[in-house]
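Heads up, the thing below is written out as structure tokens.
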Amino acid sequence: MLVMFGYASMEKKLHDAHRKAAEQHDLAAHAHRTAAEHNEKGENELGNWHLQRALEYSDHAYKLAREAHSKSGQIGPL
Numbered sequence: 422m423l424v425m426f427g428y429a430s431m432e433k434k435l436h437d438a439h440r441k442a443a444e445q446h447d448l449a450a451h452a453h454r455t456a457a458e459h460n461e462k463g464e465n466e467l468g469n470w471h472l473q474r475a476l477e478y479s480d481h482a483y484k485l486a487r488e489a490h491s492k493s494g495q496i497g498p499l
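So for the sequence shown, this note's numbering puts the first residue at 422; every next one is plus one.
Printed below as a string of structure tokens:
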């Protein structure tokens, strides 16, 4: 029974890791859309600020996805 519990716990951790990466991807997409809206209005300073946030979220999402991928035992490039 402990083996099953350990497997379920590992599976939950992997699911959580992938979920966190997906959340960061969503935040990056939202920031990118917001940046585009500001740039269309000529609000370049705000647009650039949101672009920077989008890049930070995207970089973090990539790191989380890479980490989750390596923990899942699947070896290879993303």
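Backbone N, C-alpha and C define an ideal beta-carbon position, used for all residues, glycine too.
Unbroken alpha helix (DSSP H) run spanning residue i, endpoints
i: residue 464; result: Neither: residue 464 is in no alpha helix (DSSP H) and is coded neither H nor E.
Below-9 Å beta-carbon distance, residue i vs any chain D residue
i: residue 487; result: No chain D appears in this structure, which consists of one protein chain only.
Nearest to residue i (by Cα), restricted to the options the options
i: residue 487; options: 460, 475 and 440; result: 440
i: residue 471; options: 484, 457, 445 and 480; result: 457
Residue i (DSSP reduced to helix, strand or coil)
i: residue 483; result: helix
i: residue 493; result: coil
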